[in-house]
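Residue numbers for the sequence shown follow the UniProt record's numbering, beginning at 1 and rising by one.
Think of the CB as a built atom: it goes at the ideal place given N, C-alpha and C, for glycine as much as any other residue.
Everything below concerns the one structure shown next.
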Amino acid sequence: MRRRAFFSCADSIASALMSFLLNAWYVAAFAHEVRADVPFSRTLLGRPVVLYRDAEQRAIALDDRCAHRFAPLSQGRIVDGVLECPYHGLRFSANGQCVHNPHGDGRVPAGAKVRAYPSLERYGAIWFWPGDPARADAALLPSFPFVDPAANVTHDGYLHTRAHYQLSADNLLDLSHFQFLHPDTLGSEAIARGDVQSGSLDDIVWVRRSAYDEALQPFVAQGFGIPPGTRVDRWMDVRWTPPGLLSIVVGVTAAGMPREAGLIAPSAHWLTPETERTTHYFFAFGLPKEMGDAARGLVRYAVEGLMKPFECEDLPMLEAQQKNLGDHDFWAMQPALLPIDAGAIRARRVMERLIAAEQGTAPAPVRTIAITPVAGTSQAVA
């Protein structure tokens, strides 16, 4: 007799989309996008933000709105490490305070200040904290050591997605779609025959998927240096940390051999909401510098090779999902759930709980949804 797994899911009909978690680190930009000679603008969590480097090369994040007449500061220029408004020349320092008024006697009005966001540079990215500045702690940033440019050769990619960031997280937490959405690049029939497990530790969600005796698609085989026709075992381990920070480790070994005998390819996937319906998707691959030119070629091969399936297959699917959801709440649409959805469900639960706690509201009412078992899956349910 097959067992049925059950999950309690929020059944909110008040809002079609979740609010944002504010007290958390989000990627604002890759480090190479932020310069000391020209400001850079990006909408993050529904707010226009301007980024630049000061005279000490520190990355600065401010509201992209002058305190005087609300002109976009990103259209201005950087003068001696401070940001000058393009409209009337007021200049703002790293803490958002106006430090120069070229008009009249030069006095600076008390209200001439724009919001400054805590920011830090790590793992090849600029991170910003949109919540309470007093709670911004660098120790709260999850670890992604494999894309630390100090020790690794890295290469990165960016995609703009016209869908809610949680749909992107769902997509990455359920790699069973490789078989169907990416049949010519990433998938194979062995994925459905394999095993999948998921669980959580505190607010961290993990999903582990294994495929056995698999014939890899040429793109994947070449990346791992696997000769054509070789039968392998492949595993894909995903770790999700709120608000939308994921690591994916893909490993390959000869069929029947232990994981320790195989090769791995780690990658970082960082989701930052642009608006309630659009997402910045940052991703990066890294390999040890000791690998030399081979590492440089492999990380570039991974990013450039994945760009096509990500852009031509994942993005259209996510955007089609968002279109069908429209203004409806995800749970109010009563999705039919499978064991492969367990990781995504856990991540959504964590986000709903954290946002409710941050806003001081009671969690949404819950209902129980039965998940239909699928042959070939083993499910560890917390």
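- [ ] Look up residue 44 in the DSSP assignment and say whether it is helix, strand or coil.
- [x] Taking the first residue of the sequence shown as 1, we reach residue 44 at position 44. It is a strand residue.
Open item on the list: Using the Cβ count rule (16 or more neighbours within 10 Å means buried), how would you classify residue 105?
Closed with: As a first step, residue 105 must be located in the sequence shown, where it is residue number 105. The residue is exposed, with fewer than 16 neighbouring Cβ atoms inside 10 Å.
Task: Cβ contact check for the segment 119–129 and the segment 72–84: 3 or more pairs under 8 angstroms - done: no
- [ ] Alpha carbon to alpha carbon, how far is residue 136 from residue 99? Give it in angstroms, no decimals.
- [x] Here residue 99 corresponds to residue number 99 of the sequence shown, with the count starting at 1. Here residue 136 corresponds to residue number 136 of the sequence shown, with the count starting at 1. Each residue's alpha carbon lies about 25 angstroms from the other.
Task: Buried versus exposed, by CB contacts within 10 Å (16 or more), residue 388 - done: It is not possible to answer for residue 388, since the shown part of the chain is limited to 1 through 382.
Open item on the list: Comparing C-alpha positions only, which one of 201, 152, 179 sits nearest to residue 209?
Closed with: In the sequence shown, the residue the question calls residue 209 occupies position 209. Taking each of 201, 152, 179 in turn and checking the Cα distance to residue 209, the smallest one comes out for 179.
- [ ] Note down, one range per segment and in chain order, each beta strand (DSSP E) of at least 3 residues found wholly within the segment 273–342.
- [x] 279–288
Task: beta strand (DSSP E) segment containing residue 119, residue limits - done: Along the sequence shown, one-based indexing puts residue 119 at 119. Residues 119–122.
TODO: Please go through the same chain and pick out, in chain order, the residues whose beta-carbon is closer than 6 angstroms to the beta-carbon of residue 45, but skip the five residues on each side of it.
DONE: Locating residue 45 in the sequence shown gives position 45, where the first residue counts as 1. Closer than 6 angstroms at the Cβ level, and outside the excluded window around residue 45, lie 20, 130, 273.
TODO: Identify the continuous beta strand (DSSP E) that holds residue 238 and give its terminal residues.
DONE: As a working mapping, residue 238 is identified with position 238 in the sequence shown. Looking at the DSSP string, the run of the beta strand (DSSP E) that includes residue 238 is 231–241.
Task: Option in 181, 141, 70, 165 with minimal Cα separation from residue 310 - done: Reading the sequence shown from its first residue, position 310 is the one you call residue 310. Checked all of 181, 141, 70, 165; the closest Cα to residue 310 is 181.
- [ ] With residue 170 as the anchor, note down where its beta strand (DSSP E) starts and where it stops.
- [x] Locating residue 170 in the sequence shown gives position 170, where the first residue counts as 1. Counting along the chain, residue 170 falls outside any beta strand (DSSP E), though it belongs to the alpha helix (DSSP H) covering 165–173.
Task: residue 254 - containing beta strand (DSSP E), residue span - done: Counting from 1 along the sequence shown, the entry for residue 254 is found at position 254. Under the DSSP assignment, residue 254 falls in the beta strand (DSSP E) whose first and last residues are 245–254.
Open item on the list: I need the boundaries of the beta strand (DSSP E) containing residue 30, first residue and last residue.
Closed with: If you number the sequence shown from 1, residue 30 lands on position 30. Counting along the chain, the beta strand (DSSP E) containing residue 30 begins and ends at 26–30.
Open item on the list: Could you check whether residue 247 and residue 146 sit closer than 9 angstroms to each other, using their CB atoms as the reference points?
Closed with: In the sequence shown, counting from the first residue as 1, residue 146 sits at position 146. In the sequence shown, counting from the first residue as 1, residue 247 sits at position 247. Yes, these two residues count as a Cβ contact at 9 angstroms.
TODO: Pull up the distance between the alpha-carbon of residue 102 and that of residue 82, whole angstroms please.
DONE: The residue labelled residue 102 in the question sits at position 102 within the sequence shown. The residue labelled residue 82 in the question sits at position 82 within the sequence shown. The alpha-carbon atoms of residue 102 and residue 82 are separated by roughly 14 angstroms.
Task: Limits of the unbroken alpha helix (DSSP H) element including residue 224 - done: Residue 224 sits at position 224 when you count from the first residue of the sequence shown. Residue 224 -> alpha helix (DSSP H) spans 218–224.
Open item on the list: Are the CB atoms of residue 173 and residue 344 within a distance shorter than 9 angstroms?
Closed with: Taking the first residue of the sequence shown as position 1, residue 344 is located at position 344. Taking the first residue of the sequence shown as position 1, residue 173 is located at position 173. A contact, by the Cβ cut-off of 9 angstroms.
TODO: State whether the segment 319–331 contacts the segment 180–194, with contact taken as three or more CB pairs (one from each stretch) at a distance under 8 angstroms.
DONE: no
TODO: Report yes or no: do the segment 286–295 and the segment 253–264 share at least 3 C-beta pairs separated by less than 8 angstroms?
DONE: The count of Cβ pairs closer than 8 angstroms, one atom from the segment 286–295 and one from the segment 253–264, stays below three, leaving the stretches out of contact.
Task: Candidates 236, 59, 244, 206, of which the one nearest residue 265 by Cα - done: Taking the sequence shown and counting its residues from 1, one reaches residue 265 at position 265. If we check each option's Cα against that of residue 265, 236 comes out closest.
- [ ] Might you give, ordered along the chain, the residues of its own chain that have their beta carbon closer than 8 angstroms to the beta carbon of residue 176, omitting 5 neighbours on each side?
- [x] Translated into the one-based positions of the sequence shown, residue 176 becomes position 176. Only residues of its own chain outside the window of five on either side were considered, and among them 191, 192, 196, 209, 340 have a CB closer than 8 angstroms to the CB of residue 176, listed in chain order.
- [ ] Could you spell out the range, first to last residue, of the alpha helix (DSSP H) harbouring residue 193?
- [x] For the purposes of this step, residue 193 is taken as residue 193 along the sequence shown, with counting starting at 1. It spans 190–193 - the alpha helix (DSSP H) in which residue 193 sits, taken as one unbroken run.
Open item on the list: Bridge partners for residue 19 per DSSP, in chain order?
Closed with: Mapped onto the sequence shown, residue 19 falls at position 19. Looking at the DSSP assignment, residue 19 forms no beta bridge with any residue, so it has no partner.
Task: residue 75 (DSSP reduced to helix, strand or coil) - done: The residue you call residue 75 lines up with position 75 of the sequence shown. Residue 75 falls in the helix class under three-state DSSP.
- [ ] Look up residue 181 in the DSSP assignment and give the residues it is bridged to.
- [x] For the purposes of this step, residue 181 is identified with residue 181 of the sequence shown, where counting begins at 1. In the DSSP output, where bridge partners are listed per residue, residue 181 has none listed.
Task: Cβ-based burial, residue 333 [other Cβ within 10 Å; buried from 16] - done: In the sequence shown, the residue the question calls residue 333 occupies position 333. When all chains shown are included, residue 333 counts as exposed.
Task: Cβ pair count under 8 angstroms reaching 3, the segment 43–60 against the segment 147–157 - done: no
Open item on the list: Once DSSP output is grouped into helix, strand and coil, what is the label at residue 350?
Closed with: Numbered from its first residue, the sequence shown carries residue 350 at position 350. The answer is helix: DSSP assigns residue 350 an H, G or I state.
- [ ] Could you tell me if residue 390 is buried or exposed, where buried requires 16 or more neighbouring beta carbons within 10 angstroms of its beta carbon?
- [x] Nothing about residue 390 can be reported from this structure: the residues present for the chain run from 1 to 382 only.
Open item on the list: If you reduce the DSSP assignment to three classes, tell me which class residue 86 lands in.
Closed with: As a working mapping, residue 86 is identified with position 86 in the sequence shown. In the structure shown, residue 86 sits in coil (DSSP, three-state: anything other than H, G, I, E or B).
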